[in-house]
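Q: Residue numbers for the sequence shown, in this note's numbering: 258 to 397.
Take a look at this one; I'll ask things after.
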Amino acid sequence: MATVNRKDLQLLADLRLREARLLLKAGESSGAYYLAGYALECGLKARIAGNIPRHTFPDRKLANDAYTHDLTRLIKLANLSDILSERAGKDPVFQQNWLLATRWSEASRYSIYTEQDCRDFLNAIAEKRHGVMSWVKQHW
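What follows is the structure, given as C-alpha cells:
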C-alpha cells in the first residue's frame with residue numbers, strides 16, 4: 258500500500274463519494290454501494306491520521322489497528338465514540354444513518370445491491386444535514 262497522509266485520505270474520501278454517485282447514476286448500484294462505504298472508511302482514517310502529532314512516530318498498535326475496514330472500530334480509533342453517541346442521541350435521523358452505514362464492510366464488494374438499497378445507503382452517507390460523511394468532515 259502506498260503511503261498516504263491525512264490530506265490524501267480526505268481527497269480520496271471525496272473522490273470515492275463522487276465516484277459512487279456517478280456509478281449509481283449509471284445504474285451500477287453494487288459498485289456505488291461499495292465505494293460509498295469505502296469513502297466513509299477513508300474519511301475516518303483521515304481523522305485518525307490527523308490525531309497523530311506531526312513529526313512523531315505513531316503508536317504501533319494504533320497503526321496496525323487502523324488497517325481495519327470495520328467502521329465501528331475506526332470510530333473508536335478516531336476517538337469519536339462519545340461524540341457519535343452524543344450526536345446520535347440528539348439527532349434520530351443521523352442515528353439511523355449511522356446504523357445503516359455500519360452495515361457496510363469490506364465484504365460488500367462481493368454483494369449485489371438493488372438500486373433502492375444503494376440510494377438509501379448513499380443518502381445515509383452523503384446527505385448534507387444528517388449524513389455520516391458530513392459529520393465525519395466536521396471532525397477530520
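Cβ coordinates follow ideal geometry from the N, Cα and C atoms, glycine included.
For R273, count the other beta carbons within 10 Å of its own beta carbon; 16 or more makes it buried, fewer makes it exposed. Which is it?
A: R273 is buried by the Cβ-count criterion.
Q: Within the same chain, show all residues whose beta-carbon is closer than 6 Å to that of Y370, passing over the 5 residues directly before and after it, in chain order.
A: These residues qualify, in order along the chain: S286, S287, Y290.
Q: Would you identify the three-state DSSP class for H396, choosing helix, strand or coil?
A: If DSSP states are grouped into helix, strand and coil, H396 belongs with the helices.
Q: May I ask which residues mark the beginning and end of the alpha helix (DSSP H) holding G284?
A: G284 -> no alpha helix (DSSP H), and no H or E assigned at all.
Q: State the DSSP-derived secondary structure class of S342, mapped to helix, strand or coil.
A: If DSSP states are grouped into helix, strand and coil, S342 belongs with the helices.
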